[in-house]
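J.: Numbering-wise (the numbering used here), the sequence shown opens with residue 408 and increments by one. The C-beta atom is built at its ideal place from N, Cα and C for all residues, glycine as well.
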Amino acid sequence: MKKIMYVIYGEHCTYGDDEENYKEGDRLYINKEELTYDNDGEVDDQEVLEGFVDEVFISDDNEVLWEVDYEDDKVTEFTNGSWDVGEFETLEDSIKFLKEEYIPSLL
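#1: Check whether the Cβ atoms of Glu474 and Glu462 sit closer than 8 Å, and answer yes or no.
#2: For Leu435, does the count of other Cβ atoms within 10 angstroms reach 16, so buried, or fall short, so exposed?
#3: Would you tell me roughly how many angstroms separate the C-alpha atoms of Thr497 and Asp424, rounded to the nearest one?
#4: What residue from Ile437, Asp468 and Glu507 has the CA that sits closest to Thr421's CA?
#5: How far does the beta strand (DSSP E) with Asp433 in it reach, from first residue to last?
#6: Considering Cα atoms alone, identify which of Ser512, Gly493 and Glu499 is closest to Val414.
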């Protein structure tokens, strides 16, 4: 069975404008993916249809910054370690989960 899902991933990263002026933390991002499930309901194959549909950075000192609020000259950059957070049927559900459940559990 194939489904279009919004998949949330987390990874350690930095946010800033150069190698000396940055904050460390975690980035959570949402991809729109086509997932193919096997008969046991496990993901058998996945294809990214649209990467980084939305993103949020949480600094080590618990500052929460959504991508829409990133400063023009600052970006996030992957450093190491990544993990799966969850799969949702809509972008709205995935953002709601991050805002109401996942992020508050980290702070």
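T.: Put simply:
#1: Taking the first residue of the sequence shown as 1, we reach residue 474 at position 67. Taking the first residue of the sequence shown as 1, we reach residue 462 at position 55. A contact, by the Cβ cut-off of 8 Å.
#2: Position 28 of the sequence shown, counted from the first residue, corresponds to residue 435. Under this definition Leu435 is a buried residue.
#3: Residue 497 sits at position 90 when you count from the first residue of the sequence shown. Residue 424 sits at position 17 when you count from the first residue of the sequence shown. The straight-line gap from Cα to Cα measures roughly 32 Å.
#4: The residue labelled residue 421 in the question sits at position 14 within the sequence shown. Check the Cα spacing between Thr421 and each of Ile437, Asp468 and Glu507: the tightest is with Asp468.
#5: As a working note, residue 433 is residue 26 in the sequence shown. Annotation: the continuous beta strand (DSSP E) that includes Asp433 extends over Tyr429 to Tyr444.
#6: Position 7 of the sequence shown, counted from the first residue, corresponds to residue 414. Taking Val414 as reference, the option from Ser512, Gly493 and Glu499 with the minimal CA-CA separation is Gly493.
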